[in-house]
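**Student:** Please read through the structure below; I'll follow up with questions.
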């Protein structure tokens, strides 16, 4: 079931929605946006909803840390990958969970998607997906920003 349907993914959605608002981070405002595909799907929310409750809680905890620290979040919780793509990192039951994100300007953090990392390096396909989303977002931020139905 898609995250675009009313009444679905309520628990995850309620927690994640707070990242789509302005927050004070130090002396500047930081906005958190969740990437939305043109067809209305929201990869990050769809992925989070498929996780176990424990893994989901760990990932949401990392999102909270990103909210609290923004650009200042560092290893082991976050890392710079390449070409403006960053990863949030967490581990649960021996699995490595990653959420990719990028900055749009200096004030917007865009949460792209998540995956379970099973290789030593972040798979190229995951980086390409984040880079493509970044390019589409930069072309048209409004159409690629998730907005919950009211």
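Numbering (my numbering), first residue to last: 11 to 160.
We put the CB at the ideal spot given by N, CA and C, even for glycine.
Fair warning: this is a prediction, and the values are worked out from it, not measured in the lab.
1) Nearest-angstrom Cα distance between residue 150 and residue 41?
2) Count the C-beta pairs between the segment 104-123 and the segment 77-95 that are closer than 8 angstroms, then say yes if the count reaches three, no if not.
3) Please confirm if the segment 52-66 is in contact with the segment 119-134, defined as three or more CB-CB distances below 8 angstroms between the two stretches.
4) Please tell me whether residue 83 and residue 69 are closer than 8 angstroms, where the distance is taken between their beta carbons.
5) May I ask you to report which of helix, strand or coil DSSP gives residue 72?
6) Helix, strand or coil: how does DSSP classify residue 31 here?
7) Taking the straight line between their C-alpha atoms, what separation do you get for residue 135 and residue 125?
8) Residue 66: buried (16+ other C-beta within 10 angstroms of its C-beta) or exposed?
9) If we require 3 or more residues per run, which beta strand (DSSP E) segments fall completely within the segment 57-124?
10) Less than 8 angstroms between the beta carbons of residue 154 and residue 46, yes or no?
**Tutor:** If we stick to the structure as given:
1) Position 140 of the chain shown, counting from 1, holds the residue named residue 150. Position 31 of the chain shown, counting from 1, holds the residue named residue 41. Residue 150 and residue 41: Cα-Cα distance of roughly 16 angstroms.
2) yes
3) Contact holds: three or more Cβ-Cβ distances are below 8 angstroms.
4) Within the chain shown, the letter at position 73 stands for residue 83. Within the chain shown, the letter at position 59 stands for residue 69. Taking 8 angstroms as the Cβ cut-off, residue 83 and residue 69 do not qualify as a contacting pair.
5) Locating residue 72 in the chain shown gives position 62, counting from the first residue. In this structure, residue 72 counts as helix in the three-state DSSP scheme.
6) Locating residue 31 in the chain shown gives position 21, where the first residue counts as 1. Below a pLDDT of 50, predicted positions are generally treated as unreliable, and residue 31, at 48, falls in that range; the measurement from the model is reported next regardless. Here residue 31 sits in coil by DSSP.
7) In the chain shown, the residue the question calls residue 135 occupies position 125. In the chain shown, the residue the question calls residue 125 occupies position 115. Approximately 11 angstroms between the Cα atoms of the pair.
8) In the chain shown, counting from the first residue as 1, residue 66 sits at position 56. Classification of residue 66: buried, given that the 10 Å Cβ count is 16 or more.
9) Counting whole runs of 3 or more residues, the segment 57-124 contains the beta strand (DSSP E) stretches 88-92, 95-102, 105-114.
10) Position 144 of the chain shown, counting from 1, holds the residue named residue 154. Position 36 of the chain shown, counting from 1, holds the residue named residue 46. Yes, these two residues count as a Cβ contact at 8 angstroms.
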